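Peer 1: Below is the structure I would like to discuss, written out as C-alpha cells.
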Amino acid sequence: MCTGEQKVTGLALIGVFTYALKNAKAIATRRDKLIEEHKRKHGEDTPQRVPSGNVAFVDHPLVSWFLINAGPIGVSLFVNKLSEKLSKVKGLHESFSGQFLKSFITNLALTETIIAYNWLLIHYVYSHIPFFDKKRTDQDVWESVKDYAVCNGPVTILTSLLDLAARNHIDTPKPGQRFRPLLFLFKLAWCRAVTDLFFWIGHYMIHKREHYWVHKKHHEHNKTKIWTNYHFSIPDLIIEASIPLTLAVTSVKLFGLSFNRFELYLIATYVGGLEVTSHVGKAVPVMSIFPPFSPLLTYYDDWNVWFHETHHNLLRCNYSITPYWDCLFGTAKFV
C-alpha cells in the first residue's frame, strides 16, 4: 500500500506529465521563435542558445523530463547496488584500506557514470542540436587522462576519505522503511539552492585578481566541452564542487533532517549532474534547476547551458551554475 505522501507525490507527477503533454507545442513554438530572433539579431552563424523546438522526438519536454531524471536515478540505483555488493566482499570492512577502497570505487562510479551519461546524450540523443562553437575540436583523450590524474583523481581520493569520516552520520534505513518522496524533494530543493549559493560565493572569490591563479586553468577552455569537467586545479574543484555540496548536505540538519546512503547518491547525481551538463557546449533540454518538475520550468531552464557558456566567454558574469543567485546579486548577463 502507498502512503499518503507517496500518493500526493504521484498526483503531482501526473500533473507534471499532463502539463508537459498539453504545453509541448507552446514550448516548441517559443523555442523556435527565440532561435529565429537570435539569427535575425546576430546573424545565421550565431550559436543556438536554447534547445530545439520540435526537430526530433527527444525535444519533447516529456522525453527530456524522463531523460533528465533517468540519469541520476539510474546512476544512484547502480552505485547503491554496487555499494551493497562491495559490503559483502570479505575483508573490505576489516581494515581501513578496505573501507577506503570501497568508498573510492563508489565515488568514482558515481561521478564517472554521470559524465558518461551526459556524453551519450550530447553525442547521440541530442546530436541534432549544434554545439555553440561549430569549429570546436575535441580534447585529446590523453589530455583528459592527464587532467584527471592531476586533479579529479586526487579530489576523488580526498572525497573518499571524508566519506569514511562521515559514515557514522549517514542513516541506515530500517527494515520496511519506505522512501519519502515529498521529504526528499524538499531536501533536493534545499541542497540545490544552498549549493548554488556557496558555488556563487566561491566562484566569485576565485575570479578576484589575487585569487584567479586557482581558477585560471579552468578558463583555458573558453569554449566548453564535456572534458572541461576535468580541467580544474585541485583547490578550484574543491572550492566549486566539494565545499558547496558538503555545506548543502550538512545544512539539512538545521531542519532536524539527515540522509541515508541512497538519498546522498541521488543528491550528488542531481546536483553534480547539473554542473556536468553546464559544460557540454550545446543547448540540450536536460539541464534543469529542479529536474522532477522540469516541464514546468522550461521558460527558465532553456537558458541554463548557455548561461554558463556565457561565463566562459565573458568571465565577469554568471558566477553560479543556475541564474537565480546571479540575478539576485546583479551579476547575471544574458546575451
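Heads up, the sequence shown is in full-length UniProt numbering, so the first residue is 1 and it goes up one at a time. A virtual CB, placed ideally from N, CA and C, is assigned to each residue, including glycine. All values reported here derive from a predicted model rather than from experimental measurement.
Candidates Ile-68, Asp-196 and Phe-132: which alpha carbon is nearest Asn-222's?
Peer 2: To locate residue 222, count along the sequence shown from 1; it is residue 222. Answer by Cα proximity: Phe-132.
Peer 1: In the DSSP assignment, the alpha helix (DSSP H) including Phe-198 goes from what residue to what residue?
Peer 2: As a first step, residue 198 must be located in the sequence shown, where it is residue number 198. Run containing Phe-198: 181-205, per the alpha helix (DSSP H) assignment.
Peer 1: Taking Cβ positions, are Val-271 and Thr-195 nearer each other than 9 angstroms?
Peer 2: For the purposes of this step, residue 271 is identified with residue 271 of the sequence shown, where counting begins at 1. For the purposes of this step, residue 195 is identified with residue 195 of the sequence shown, where counting begins at 1. Yes, they are a contact pair.
Peer 1: Can you tell me whether Asn-260 is helix, strand or coil according to DSSP?
Peer 2: Mapped onto the sequence shown, residue 260 falls at position 260. Three-state result, Asn-260: strand.
Peer 1: Quick check on DSSP: helix, strand or coil for Lys-225?
Peer 2: Here residue 225 corresponds to residue number 225 of the sequence shown, with the count starting at 1. Residue state, collapsed to three classes: coil.
Peer 1: What residues match up with Lys-282 in a beta bridge as DSSP calls it?
Peer 2: Taking the sequence shown and counting its residues from 1, one reaches residue 282 at position 282. Per DSSP, Phe-131.
Peer 1: Inspect the beta-carbon positions of Phe-307 and Thr-322 and report whether they are closer than 9 angstroms.
Peer 2: Counted from its first residue, the sequence shown places residue 307 at position 307. Counted from its first residue, the sequence shown places residue 322 at position 322. Cβ atoms of Phe-307 and Thr-322: closer than 9 angstroms.
Peer 1: Count the other CB atoms within 10 Å of the CB of Leu-274; is the residue buried (16 or more) or exposed (fewer)?
Peer 2: To locate residue 274, count along the sequence shown from 1; it is residue 274. Buried: at least 16 other Cβ atoms inside 10 Å.
Peer 1: Could you give the first and the last residue of the continuous alpha helix (DSSP H) run that contains Lys-39?
Peer 2: Position 39 of the sequence shown, counting from 1, holds the residue named residue 39. Residues 4-42.
Peer 1: Rounded to whole angstroms, what's the CA-CA distance from His-211 to Lys-7? Just pull it up for me.
Peer 2: Taking the sequence shown and counting its residues from 1, the one referred to as residue 211 is at position 211. Taking the sequence shown and counting its residues from 1, the one referred to as residue 7 is at position 7. Computed Cα separation, rounded: 50 angstroms.
Peer 1: Taking the alpha carbon of Leu-164 as the point to measure from, which residue in Val-79, Lys-41, Lys-102 and Tyr-148 has its own alpha carbon closest?
Peer 2: For the purposes of this step, residue 164 is identified with residue 164 of the sequence shown, where counting begins at 1. Among Val-79, Lys-41, Lys-102 and Tyr-148, the Cα nearest to that of Leu-164 is on Lys-102.
Peer 1: Identify the continuous alpha helix (DSSP H) that holds Ser-87 and give its terminal residues.
Peer 2: Walking along the sequence shown from the start, residue 87 turns up at place 87. Segment 61-87, the alpha helix (DSSP H) holding Ser-87.
Peer 1: Provide the residue span of the alpha helix (DSSP H) that contains Ser-251, from first to last.
Peer 2: As a first step, residue 251 is located in the sequence shown; it is residue number 251 there, counting from the start. Unbroken alpha helix (DSSP H) run through Ser-251: 243-251.
Peer 1: Hey, Ile-115 and Thr-298 are a contact pair by Cβ (cut 8 angstroms); roughly how many whole angstroms apart?
Peer 2: Here residue 115 corresponds to residue number 115 of the sequence shown, with the count starting at 1. Here residue 298 corresponds to residue number 298 of the sequence shown, with the count starting at 1. The pair is not a contact, with the Cβ atoms about 24 angstroms apart (cut-off 8 angstroms).
Peer 1: Looking at chain D, is there any beta carbon in it that lies within less than 9 angstroms of the beta carbon of Asp-133?
Peer 2: The structure shown has no chain D; it contains just one protein chain.
Peer 1: Given this structure, state the Cα-to-Cα distance separating Leu-197 from Leu-188, to the nearest angstrom.
Peer 2: Sequence index remark: in the sequence shown, residue 197 carries index 197 (1-based). Sequence index remark: in the sequence shown, residue 188 carries index 188 (1-based). Going from the Cα of Leu-197 to the Cα of Leu-188 covers about 14 angstroms.
Peer 1: Would you mind giving the Cβ-Cβ distance between Lys-208 and Phe-232, rounded to the nearest angstrom? I have them listed as a contact below 8 angstroms.
Peer 2: Your numbering for residue 208 matches position 208 in the sequence shown. Your numbering for residue 232 matches position 232 in the sequence shown. Not quite, the Cβ-Cβ distance comes to about 17 angstroms (not below 8 angstroms), so this is no contact.
Peer 1: So, Thr-9 versus Pro-291, is the Cβ gap smaller than 9 angstroms?
Peer 2: On the sequence shown, position 9 is the one that residue 9 refers to. On the sequence shown, position 291 is the one that residue 291 refers to. No, the pair does not count as a contact, with Cβ atoms beyond the cut-off.
Peer 1: Which value, in whole angstroms, describes the spacing of the CA atoms of Trp-213 and Ile-206?
Peer 2: The residue given as residue 213 occupies position 213 in the sequence shown. The residue given as residue 206 occupies position 206 in the sequence shown. Cα to Cα, the separation comes out at about 8 angstroms.
Peer 1: Who are the Cβ neighbours of Asp-138 in its own chain at under 8 angstroms, not counting the five residues just before and after it?
Peer 2: Numbered from its first residue, the sequence shown carries residue 138 at position 138. Lys-225 and Trp-227.
Peer 1: Using only the alpha-carbon positions, how far apart do Leu-92 and Ala-268 sit?
Peer 2: Here residue 92 is taken as the residue at index 92 of the sequence shown, counted from 1. Here residue 268 is taken as the residue at index 268 of the sequence shown, counted from 1. Near 24 angstroms, if we compare the C-alpha coordinates of Ala-268 and Leu-92.
Peer 1: Decide yes or no for the touch test of the stretch 232-244 against the stretch 152-161: beta carbon pairs closer than 8 angstroms, at least 3 of them.
Peer 2: These segments touch.
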